[in-house]
Each structure stands twice: as structure tokens, then as C-alpha cells.
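Let me begin by presenting the structure, written as C-alpha cells, before commenting on it.
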Amino acid sequence: EELQELDLSSNQLVGEIPETLLAMPNLQVLSLGNNKISGHLPPQYLSSSPLRYLTLSSNNIGGSIHTSIGKLVNLVHLDLSSNIISGGFPSQMSSLVNLEYLFLSHNERFNAGGIPQFLEKLTNLRDLSLSLTNRVGQIPGNVLGQLSKLVLLDLGINDLDSEIPSELATLTTLKYLILNRNYDLEGTVPEEVQLLPALDILMVDRTSLSGNMSSICNRQHKAVILGSNCQISEPKMDCECCNICCSRDDNTTCHDST
24 EELQELDLSS NQLVGEIPET LLAMPNLQVL SLGNNKISGH LPPQYLSSSP LRYLTLSSNN
84 IGGSIHTSIG KLVNLVHLDL SSNIISGGFP SQMSSLVNLE YLFLSHNERF NAGGIPQFLE
144 KLTNLRDLSL SLTNRVGQIP GNVLGQLSKL VLLDLGINDL DSEIPSELAT LTTLKYLILN
204 RNYDLEGTVP EEVQLLPALD ILMVDRTSLS GNMSSICNRQ HKAVILGSNC QISEPKMDCE
264 CCNICCSRDD NTTCHDST
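When the letters of the sequence shown are read in order and numbered with this note's numbering, they come out as residues 24 to 281.
What follows is the structure, encoded as C-alpha cells:
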């Protein structure tokens, strides 16, 4: 009962998460990533846990995220990426106000839905990854613009449309902005987003974005990686400094994996 940290990642574990594990009264760190764990998340053991760090990434965990996850109010790090989780994002996750790292990416069985409104409550977030989670609709600038501590924003490989909101320019600590493979994302990359002072990686290839990228190319702080639609195709971006050039429908020669 005194166990506070347990790391069993990358151990070829199989079967379901043991019932007693999340019920341990003092467990603060649980890392079970990169195994072959199956079954569902056990909701009945989430209600009174003091967990601060929970990673279950790269397993075969299915089912939906239970509403009781909102009771894990001490969580700082939550990684459920690369599983087969389905259903939606429960609104009770708005209670996880201490979260700094939220990774739900590469769960393509999630119900189709927008970027959740409750994210505006998670103002301590530094890393947010929702790539390949069946996100649709517009990028809500009024929501994401509230996350002033963001360093990583990964919304790639979804079905987002409309334009990149100018509110993202308020994210002055943002280093990684991944929007690629949202084929119906259109318009241009706003100049104020191009000029984000900390931006190192910007991926906007395989979208319907077009226009001029001279602002990011000419700024003093040079981005390390830029991916855009700058091959001879339409729509096309004018980007002299982009070092990953892709056409919108290129599935063979564009190395833009995120």
C-alpha cells in the first residue's frame, strides 16, 4: 500500500489492467506504456486515486473514457495515445485543471467531433496532442487561445476545416504547431501566427492552405522544420525556407510523419 511509483513500460505485458492497481491508495505514478495490454479502462477504480502521472500509451486498450476520469484531479500527465479507444471526450475532463501534458493521439476510433470546449479550462496545459482522433470542424481559436502555456499543439491527421484562427498568435510559448493532413483546412497561415516568437516546427502540408510564408522565412528566430504545400500543385504555398515540401495528395515522397 506504500507504493507510490510503478513503471512497467515496455515489458510485453498482456491481459487487462489489474483491478487492484488503480485502487492503490498512495500510487502517484503509473506507467504501463508500450505493452500489449487489452480490455477497457476500469472506471470504478478512478474515483479516489491520487495519481499524478498516468501513461497507458501504445497498447490495445479499447472502450470509452469513463466520466469518472474527471475525479483524477491531481493528474499532471495523461497519455492514452496509440490505443483503440472509442466514444467521445467526456466533459468531466474539464476538472483536470492541473494537467500539463495531454496525449490522446492515434486513437482513430474516437467518435467524430470537434475540438472540445472544455479545453479552455485546462490552462496549465503545455503539450496537447489530438492527432488522428477524428476531429472535425473548425479550429476554435476562442478555446485554444486560452492555453497561454502551450508548447506543443498537435491537431494533425484529422478532418478540420475552415481557416487557422488568428487567436493562436496569443500562444507566445508555442514551439510546435502541427496541422498537417487536414485536407480541408484553407486560407492562409496568418502573419501573426508565422511570427510566433518561439515557433520551431510548423507543419501545414497536405492541406488546402495557400499563400505567402515570407513572414516566417524572414523573422529573426528561424524555424527548424517547416512543412508546406510547396511542390508544383494546387493549392500552393510560397515558402522559400520550407524544408519539407509536399503536394496535397502526395502519399509517397513526403516525409511528414508526426
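Where a beta carbon is used, it is the ideal one built from N, C-alpha and C, also for glycine.
*What does DSSP give as the partner residues of residue 185 in its beta bridges?*
208
- Query: When burial is assigned at 16 or more other CB atoms within 10 Å of the CB, is residue 230 buried or exposed?
  - Reply: buried
- Item | Where residue 203 falls, given that 16 or more other Cβ within 10 Å makes a residue buried | buried
*asked:* I'd like to know whether the C-beta atoms of residue 88 and residue 119 end up nearer to each other than 8 Å.
replied: no
#### Entry: Cα-Cα separation, residue 78 to residue 194
26 Å
Please report the Cβ distance between residue 153 and residue 173, rounded to the nearest whole angstrom; I am assuming they are in contact, meaning their Cβ atoms lie under 8 Å. 12 Å between Cβ atoms; not a contact.
Out of curiosity, what's the CA-to-CA distance linking residue 60 and residue 181? 26 Å
Since residue 109 sits in a beta bridge, which residues does DSSP pair it with? 87 and 132
Counting pairs of beta carbons, one from the region 30-43 and one from the region 86-105, are three or more of them closer than 8 Å? no
Pull up the CB-CB distance for residue 151 and residue 176, whole angstroms please, since I reckon it's below 8 Å. 6 Å
- Who are the Cβ neighbours of residue 117 in its own chain at under 6 Å, not counting the five residues just before and after it? 141 and 144
Practice task
May I ask you to report which of helix, strand or coil DSSP gives residue 116?
Solution key: helix
query = Between the Cα of residue 165 and the Cα atoms of 132, 146, 30 and 155, which residue gives the shortest distance?
reply = 146
Can you give me the Cβ contacts of residue 238 inside the same chain, cut-off strictly under 7 Å, excluding the 5 residues immediately before and after it? 214, 217 and 218
inquiry  = One question on the structure: do residue 161 and residue 185 come within less than 8 Å of each other, judged by their Cβ atoms?
reply    = yes
- request: Please name the residue or residues paired with residue 59 in a DSSP beta bridge.
  value: 37
First through last residue of the alpha helix (DSSP H) which encompasses residue 239 = 237-241
**Asked** residue 263 by DSSP, collapsed to three states: which one?
**Response** coil
Going by DSSP, which residues form a beta bridge with residue 102?
78 and 126
Subject >> C-alpha distance - residue 208 paired with residue 266, whole-angstrom precision >> reply: 21 Å
message = Going by DSSP, what residue range makes up the beta strand (DSSP E) through residue 52?
response = 52-54
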